[in-house]
Every structure is written in structure tokens, then in C-alpha cells.
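Residue numbers (this note's numbering): 3 to 456.
Structure first, commentary second.
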């Protein structure tokens with residue numbers, strides 16, 4: 003499982019590094035943004051498909067099928083003769099990765115409990131550390147000496163043995179699903195991914211995300227129109243893909259799902275524009291600004307390790323984690339003030355990574371604990387969907403803020419994006435206590451022991 007997560011992390015970071023060369027090679031610079039937007043958009047479809055499948059039975063179809071589609075997308079992108087073919091490959095990568103990440107979480111839910119579950123989730127975060135440290139550099143070497151196609155093809159070849167090692171875990175998960183009550187007599191799944199028309203709503207959400215992502219690259223009336231249409235679609239569809247009460251942060255599971263969207267979107271929005279302000283306004287080189295992001299990746303792993311080792315309550319981890327993200331975004335926002343030392347960004351971003359490292363495994367554990375066994379797949383899917391939808395939404399708004407402010411007021415205009423991200427993080431910190439308030443002592447018979455870890 004860890005190998006598969008690491009490969010996905012490397013692919014994401016390596017493609018970001020290589021894409022300028024890829025787009026230039028295929029004469030497709032005009033399609034640079036869609037190469038990323040399509041992957042985000044189709045991942046929503048993969049998440050919902052996997053949520054339905056895992057609630058109905060084993061994780062095998064979602065895991066093996068998801069990796070298969072992901073590898074097919076890698077091969078298609080690596081052999082693409084044109085930018086159009088590469089876009090199809092990128093879309094397949096998103097569809098496959100969205101499915102297999104939900105399946106991996108379900109293996110954790112069904113095969114591990116208590117402290118072991120927290121340790122595996124911490125390992126998921128740790129799996130990003132090495133790719134964060136060496137991924138961009140290695141991708142640059144591969145592009146320079148072997149060609150950009152091997153950025154995709156190498157991951158495709160390595161993914162096959164990684165998934166073969168998971169076959170036994172898939173079989174064990176199938177047996178656990180049966181003994182846990184996922185038999186024909188079990189109550190029917192009623193989670194978001196199991197609702198009537200869920201796949202159509204997921205397709206609509208994917209289209210909305212794509213519109214918003216593409217619109218941010220066109221700072222004119224057509225671009226703003228695309229963002230507005232995409233936002234309307236996402237806001238209309240989101241309630242049908244998330245547990246009831248998520249948008250109003252209802253107590254328990256709805257707030258857990260909402261928190262994932264709030265903290266992920268606030269952190270990601272700040273992270274996207276942090277290298278930009280460091281390089282444009284503070285004179286950082288790409289390598290030096292990359293070290294800042296690496297600091298966040300390392301402390302993210304440290305936060306996950308703390309979550310697996312310390313005996314604090316889930317409520318304590320949520321409180322500390324959310325406020326660390328608030329402080330981190332406030333710290334990097336101060337970079338717009340020339341007199342503020344640029345070195346502050348290392349400390350601030352390290353604090354944010356530490357907070358998210360505590361939050362992500364805690365939220366995943368709470369989803370497992372608060373979900374009936376036959377709805378764990380659907381609700382795990384919702385966790386990922388909330389992340390994707392909210393991140394795309396906030397990134398679009400932040401992009402508009404910068405497009406409007408920076409040309410007229412200069413570097414201080416970046417404050418618009420950071421203020422938006424900070425406000426969302428504050429909302430997360432304020433509603434965090436609702437995630438564990440009035441939570442049942444046991445969510446279901448199979449996850450009672452897991453609650454001891456949170």
C-alpha cells in the first residue's frame with residue numbers, strides 16, 4: 003500500500019516539474035492548464051465509483067480496476083503523439099487514482115484497528131516525504147537524459163508489482179467484509195455514493211471542477227464566466243455527493259467531512275501561491291522556494307507520526323491541527339510586508355505541515371469510527387470528494403483575487419489569496435469541536451476498538 007501511495011506522490015510531483023517541457027514538446031502550451039484540471043475533475047468520478055463498489059462488497063474491483071485505469075492513462079500519456087492524446091491519458095489517471103485511493107483507505111478500515119490503523123494512516127503521509135525530497139530533482143534528470151515520456155512510463159512499470167503485492171490484502175478484505183456484516187442480510191447502503199443518480203451527480207461535479215480550473219487561466223470575461231458556471235454547478239451538486247448536513251457542519255460525521263474540505267482547501271490554496279510570492283516578491287530561486295514546501299512535507303510526516311504515537315483524544319488533535327494551519331497561513335501572508343524576514347516562511351510552513359499531518363489521519367479515523375460498516379466506502383469517498391471540490395473552488399476564488407489585485411497594487415495583492423485561505427482555515431478551527439461533539443460511544447461493532455486510537 004505504501005509503495006502505491008509513494009508512486010502516486012512521485013507521479014504528481016514529477017509531472018508538475020516536467021509539464022512545461024511536455025507542453026512545449028507537443029506544441030500544446032495552450033492546453034497546459036487542462037492537463038492538470040482534467041485529472042482533478044475525473045478523480046471525483048473515480049472516488050464516487052469506488053465508494054459505491056466498496057460499500058457493495060470487496061475492495062478488489064476498485065483497487066485493481068483503479069490501478070489498471072491509472073496505468074493505462076500513464077501509458078497513453080507516455081506514448082502520446084499529441085497534446086490531445088496526453089489529455090485523455092491524464093483524464094484516465096485521475097479516474098484511476100480517485101478509485102484506488104478510496105480502496106486503499108477501505109483496506110485500512112477493514113484490516114486494521116486501534117493503534118495499528120493510526121500507524122498505517124501515518125505511513126500514508128510519510129510515503130509523500132521521499133517523493134517530495136527527490137521527486138522534482140529526479141524528474142528533471144529523467145527529462146534531461148531520458149526524455150519526458152519516461153516520467154509517465156517509469157511509474158506505469160513500477161505500479162504493476164506494487165499492486166500485485168496487494169492481492170493478499172484484497173482477499174483478506176473480502177473475508178473481513180463478509181464477517182463484518184457486509185452480507186446480503188446487511189442493511190442497504192444509504193451513503194452519498196449509493197444514492198440514486200450519484201454517478202450522474204459526480205459527472206456534473208467533475209464538469210464543474212473542470213470549468214472552474216480552466217477559467218482561472220483566462221483572466222477575462224470568458225474565464226470569469228466559466229468560473230461562475232462551474233461554481234454554480236459544484237454548489238448545486240455537492241449536497242448530493244456529501245453526507246447530509248455537511249455544508250452546515252452538522253455534528254459528528256458531517257463536520258468531519260466538512261473539515262477535510264476546509265483544511266485541505268485552505269492549505270492547498272496557500273501552497274499554490276507561496277512559491278509564486280517567494281520568487282516574484284522575495285527573490286527566492288525555484289530551488290530555495292522548493293525547500294520551503296519540503297519543510298512542510300517533512301513536518302506533515304512528523305505530525306502523522308505524532309498522531310499514531312500520542313494518546314491524545316481526536317478532539318485535541320483537531321483543535322491543535324486546525325489552529326496550526328491558521329497560524330501557518332497568517333505567517334506566510336505576512337510576506338507581503340517587505341520588512342518581515344523571509345525566513346519566517348520556513349517556520350510558518352513547517353507549522354502548517356505539522357497541523358495537517360495531525361488532521362488527515364484523525365479525520366480518516368473518525369470517518370471509519372462514525373460510519374456503519376456498509377457505508378464506510380461511501381463516506382471515505384465523500385472525504386476525498388470534499389477535498390477535491392473545496393480545493394478547486396477556493397483555488398479559483400484565490401486566482402481571481404490575485405488577477406484583480408496584483409496588476410493594480412503590486413505584491414501586496416497576493417494578500418487577497420492568503421486572506422481567503424486564512425478565513426477558510428479559521429472557519430475550520432471554529433467548527434472543529436463539532437466533529438467529536440455528541441459522537442456515539444460506538445459507531446458500529448467492527449470499529450469500536452478503532453475509537454481507542456482517536
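For each residue, glycine too, the CB sits at the ideal point set by N, CA and C.
Asked: Proximity below 8 Å, CB of residue 98 to CB of residue 68; Found: yes
Asked: Buried or exposed (CB count within 10 angstroms, at least 16 for buried), residue 238; Found: exposed
Asked: Where the alpha helix (DSSP H) containing residue 229 begins and where it ends; Found: 223-243
Asked: Cβ pair residue 150, residue 258 closer than 8 Å; Found: no
Asked: Any alpha helix (DSSP H) of 4 or more consecutive residues that is wholly inside the stretch 114-168; Found: 116-128, 131-147 and 151-166
Asked: Cβ-Cβ distance between residue 276 and residue 334 below 8 Å; Found: yes
Asked: For residue 452, the three-state DSSP class (helix, strand or coil); Found: Its pLDDT being 33, under 50, residue 452 is placed unreliably in this model, and the value from its coordinates should be taken loosely. If DSSP states are grouped into helix, strand and coil, residue 452 belongs with the helices.
Asked: Short Cβ contact (8 Å threshold) for residue 15 with residue 134; Found: yes
Asked: Selected residue, minimal CA-CA separation from residue 387, among 52, 220, 5 and 6; Found: 52
Asked: Buried versus exposed, by CB contacts within 10 Å (16 or more), residue 351; Found: buried
Asked: The alpha helix (DSSP H) enclosing residue 284, as first and last residue numbers; Found: It is not in any alpha helix (DSSP H) - residue 284 carries neither H nor E in the DSSP assignment.
Asked: Opening and closing residue of the alpha helix (DSSP H) in which residue 418 lies; Found: 417-433
Asked: Residues near residue 72 in its chain [Cβ-Cβ closer than 6 Å; skip 5 each side]; Found: 95, 98 and 99
Asked: Reduced DSSP category for residue 49 - H, G, I as helix; E, B as strand; rest coil; Found: helix
Asked: Residue nearest to residue 267 in terms of C-alpha spacing, selected from 79, 421 and 62; Found: 421
Asked: Spatial distance of residue 216 from residue 117 (CA atoms); Found: 42 Å
Asked: Burial state of residue 208 (16 or more Cβ within 10 Å); Found: buried
Asked: Coil, strand or helix - residue 73 by DSSP; Found: helix
Asked: Touching by the beta-carbon criterion (3+ pairs, under 8 Å), the stretch 365-375 and the stretch 387-398; Found: no
Asked: Alpha carbon of residue 357 to alpha carbon of residue 83, nearest angstrom; Found: 43 Å
Asked: Spatial distance of residue 50 from residue 204 (CA atoms); Found: 7 Å
Asked: Residue 253, DSSP secondary structure in three states; Found: coil
Asked: Status (buried if at least 16 other CB within 10 Å, exposed otherwise) for residue 184; Found: Low confidence applies to residue 184: its pLDDT is 46, below 50, so where it sits in the model is not reliable enough to give any reading.
Asked: Continuous alpha helix (DSSP H) stretch holding residue 437: start and end; Found: Taken as a continuous stretch (DSSP letters only), residue 437 belongs to no alpha helix (DSSP H), as it is neither H nor E.
Asked: Cβ contact (3+ pairs, closer than 8 Å) linking the stretch 32-41 and the stretch 111-129; Found: no
Asked: For residue 70 and residue 413, the rounded distance between their alpha carbons; Found: 45 Å
Asked: Backbone CA spacing between residue 390 and residue 404 [nearest angstrom]; Found: 21 Å
Asked: Reference residue 78, options 113, 111 and 152, closest by Cα; Found: 152
Asked: Cβ contact check for the stretch 103-121 and the stretch 305-318: 3 or more pairs under 8 Å; Found: yes
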